[in-house]
Amino acid sequence: MSTKQKTLFEAFAQRARIAKQGEIAMIVIDGGGAMIVAMDEFITAQKWAQSRVSSGNVVSDRGRILEQFQVMVTRPGSFTGTKGNDRQLYKMAKKMRAAGHDLGEWQLPPELKVNKLVDPDEIKAKPKADAEIPADPDAAPEAPGKE
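0 is the number of the first residue of the sequence shown in numbering that gives the first Met the number 0; add one for each residue after it.
Written out as structure tokens, the structure reads:
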């Protein structure tokens with residue numbers, strides 16, 4: 000009698016709860032924490048994992064699937080960290096807020112945890128203290144009021 004081998008996704012989902020919430024998917028892994036990914040990335044990773052055979056090692060199977068996500072927001076204490084650049088995390092934070100998540104509960108950059116989301120493009124480097132440009136010692140002093 001032959002036994003059917005589990006797919007990578009079946010092995011992953013066996014110890015995880017997946018909640019699809021509009022444009023995001025929240026994955027809660029037993030003993031591993033919680034993470035949020037974009038729905039389109041989740042569907043792509045799911046299809047990829049359904050075409051692969053499980054190795055039988057839960058930890059390596061979990062890692063193989065999580066490597067497929069380019070942007071992922073995790074909760075503190077999760078076995079993996081938040082992934083993505085500022086722009087990607089800003090877009091994910093907007094989707095999370097639209098789905099009703101409290102951003103303070105997730106590992107996000109501090110500027111994205113505030114009540115009003117700040118676009119990373121609008122965050123400008125603070126200007127440095129006015130650095131004085133040394134005057135040219137050969138130049139003649141200017142008279143006040145003349146330009």
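The beta carbon of each residue, even a glycine, is placed where N, CA and C say it ideally should be. Just so we're clear, the structure is a prediction, and the values are computed from it rather than from any experiment.
Take the Cβ of residue i as the centre, count every other Cβ of all protein chains shown within 10 Å, and call the residue buried at 16 or more, exposed below.
| i | result |
| --- | --- |
| Ile-64 | buried |
| Ala-48 | buried |
| Ile-23 | buried |
| Ala-97 | exposed |
| Ala-186 | Residue 186 lies beyond the range of the chain shown here (0 to 146); nothing can be said about it. |
Do residue j and residue i count as a contact pair if the criterion is CB distance below 8 Å?
| i | j | result |
| --- | --- | --- |
| Lys-13 | Val-52 | Checking the sequence, you will find Gln at residue 13 rather than Lys. Their beta carbons are not under 8 Å apart, which means Gln-13 does not touch Val-52 by this criterion. |
| Met-34 | Met-71 | yes |
| Phe-11 | Arg-61 | yes |
| Phe-68 | Val-36 | yes |
| Ser-77 | Gly-31 | yes |
| Pro-108 | Leu-88 | yes |
| Ala-18 | Met-25 | yes |
| Gly-155 | Lys-112 | In the structure displayed, the chain extends from 0 to 146; residue 155 sits before or after that span and is not available. |
Per the DSSP calculation, residue i is bridged to which residue(s)?
| i | result |
| --- | --- |
| Met-34 | Ile-26, Thr-73 |
| Ile-17 | Ile-26 |
| Lys-82 | Met-71 |
| Val-52 | Thr-6 |
From the DSSP output, in three-state form, read off residue i for me.
| i | result |
| --- | --- |
| Thr-6 | strand |
| Ala-44 | helix |
| Ala-98 | coil |
| Pro-108 | coil |
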